[in-house]
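A short worksheet on the structure shown next.
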Ligand code: S3P
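Residue numbers (my numbering): 4 to 171.
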């Protein structure tokens, strides 16, 4: 199969970037993150893109960045938390092994801290994270081949479980 060995999806605070790095080390493959691709292409942080051009502009860039990465990246790919909201992206994901990194509300809030750099969390972080988890959990589940809960586990353990799942 061409394309990524695995695609990680899930909400902010699920540990996608950290687990992606672990998997990259474990498997000896490159790691790519579509948030970083967008920031590099735009030459500015995501928070600036949201403030200056709005969420719809960001989502259009995100759709293109995900499509490109799915075509040309053959290592571990981590997507921004909202990427799966796009129907075209979900159709493309159906062709790849996708792991939903699940996280509970308390743990997600702890991990995102003050929400710095995450424009969707401005205001009441806990309320915003709760609303996003409630709205998106069914979408993540629907798009995933496997779901791995990350609440009580560190990145190394999560990476080991993903490795087991993909080998089985
Ligand atoms: C978003 C998640 C962020 C980033 C943007 C929007 C979301 O990525 O793409 O701030 O809609 O959940 P992370 O999940 O990597 O923080």
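Ideal Cβ placement from N, Cα and C applies to all residues, glycine included.
Identified DSSP bridge partners for residue 149: Answer is 102.
Among 51, 66 and 9, the one whose alpha carbon lies nearest that of residue 88: Taking each of 51, 66 and 9 in turn and checking the Cα distance to residue 88, the smallest one comes out for 66.
Paired residues, beta bridge with residue 12 - DSSP: Partner(s): 103.
Per-residue DSSP class, three states only, for residue 38: Helix, per DSSP.
beta-carbon residue 113 near ligand 1 non-hydrogen atom, thresh 7 Å: Look at residue 113: its beta carbon is at least 7 Å from all of the heavy atoms in ligand 1.
Helix, strand or coil at residue 171 [DSSP, three-state]: Residue 171 falls in the coil class under three-state DSSP.
Spatially closest choice to residue 135 from 95, 108, 71 and 59, by CA coordinates: When each option's Cα is compared against that of residue 135, the closest is 108.
Cα-Cα separation, residue 149 to residue 12: Per the coordinates, the alpha-carbon of residue 149 lies some 10 Å from the alpha-carbon of residue 12.
Inter-residue Cα distance where the pair is residue 36 and residue 142: So the alpha carbons of these two residues sit roughly 20 Å apart.
For residue 83 and residue 42, the rounded distance between their alpha carbons: Between the C-alpha atoms of residue 42 and residue 83 there is a straight-line separation of about 12 Å.
Distance cut-off 7 Å: residue 165 Cβ against heavy atoms of ligand 1: Checking every heavy atom of ligand 1 against the Cβ of residue 165, none is found closer than 7 Å.
Buried or exposed by the 16-neighbour rule on C-beta atoms within 10 Å, applied to residue 121: Its Cβ being crowded by 16 or more others within 10 Å, residue 121 is buried.
Environment of residue 117 [buried if 16+ CB atoms lie within 10 Å]: Label assigned to residue 117: exposed.
Residue nearest to residue 125 in terms of C-alpha spacing, selected from 53, 25 and 47: When C-alpha distances from residue 125 are compared across 53, 25 and 47, the shortest belongs to 53.
Cβ pair residue 139, residue 14 closer than 8 Å: Judged by beta-carbon spacing, residue 14 lies within the 8 Å limit of residue 139, meaning their Cβ atoms are closer than that value.
Residue closest to residue 39, alpha-carbon to alpha-carbon, out of 27, 80 and 75: Of the listed residues, the one whose Cα sits closest to residue 39 is 80.
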